[in-house]
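Converting from the sequence shown to this note's numbering requires adding 11 to each position, the first position being numbered 1.
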Amino acid sequence: MQGRRAGSRDRREEGSHQGHRAVARAEKVTAAPAGRHWRIGTWNLAGASTPAHKDVLDDMACDVLLLTEVRTDLTLDGYERHTTSALMGPTKYWSAIYSREPLELLPDPHPASAAARIGGVTMCASVMPWTLAAELWPWGPASHGERMRHTTDALASVLGSGPVVWGGDLNQPLTGNIAGFARAAQAVLIEELDRHGLQVPTRDLPGKNGQAAIDHIAAPRDWRVLDAGRIPVASLSDHDAYWVATVRKGFSGGFG
């Protein structure tokens, strides 16, 4: 793997990203287990691509980045990029995948999601409908729970193509206080994650306003989670950044 290995540095909780990282640790592993190591990150960039944004992405030291609200001109040294065909706005894509390995491009399963295959693993970056999203393209039905179901139905062919890693702005806490969000939408997401055999290492990490994260990374249940973390970046986006370090068991080669 290029860059820094999970567990080497990011071990403390800080107030903001100012040349350091902030992390909530999932599990400490003292020796690297056998298998393919993946460090995967996600962040809603709010359509910006300043040098400070690039510094955060560089400090995350990820093999794969599942990014959302991505400015059209955002390039990262050492990464290939695949974006949604559809634009979210005049200068930003809904979602994009950045990888240090070659990408095998897949059709967008939904206008707000990008998909690609990397080393035999399907990666999907998504923006999911938020509570106040209108019943307009690309979201579908009027009810928020139905909009979430409509979107997960569109993603089913990708999420069921395992092994798959799904990440991005899911716009929903999966645990704890969900004031301002929707129980029906949460139930849809949890059902889909369970149906496709995915674990969510970011589930219990903190987000904004004292609630749990709404940006997530989900990986196959049989992958070992080494660590997971949050990077508070209040001055750069209304979303914090998140990363997970995992091992795909029984598979040698690739990063690491």
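We put the CB at the ideal spot given by N, CA and C, even for glycine.
For Ser-106 and Arg-92, the gap between their C-alpha atoms comes out near 11 Å. With respect to Ile-51, Leu-68 sits apart: the two C-beta atoms are not nearer than 9 Å. Within the model, the alpha-carbon separation for Gly-179 versus Gly-46 is close to 25 Å.
Per DSSP, reduced to three states, the secondary structure at Ala-72 is coil, with no helix or strand assignment.
In the displayed model, Gly-156 falls within a helix according to three-state DSSP. Under the DSSP assignment, Asp-205 falls in the alpha helix (DSSP H) whose first and last residues are 194 to 206.
Under the three-pair Cβ rule at 8 Å, the segment 151 to 161 does not count as touching the segment 205 to 219. Using a C-beta cut-off of 8 Å, the segment 98 to 114 makes contact with the segment 135 to 150, since at least three inter-stretch Cβ pairs fall below that distance. Proximity of the segment 130 to 139 to the segment 168 to 177 meets the contact definition, three or more beta-carbon pairs being nearer than 8 Å. Taking a 10 Å sphere around the C-beta of Glu-203, we find 16 or more other C-beta atoms and assign the residue as buried. The residues His-155, Asn-182, Gly-191, Phe-192, Ala-193, Ala-196, in chain order, have a CB closer than 8 Å to that of Thr-142 in the same chain once the five nearest residues on each side in sequence are set aside. Put simply, of Pro-113, Tyr-109, Ala-145 the residue whose alpha carbon is nearest the alpha carbon of Cys-135 is Tyr-109.
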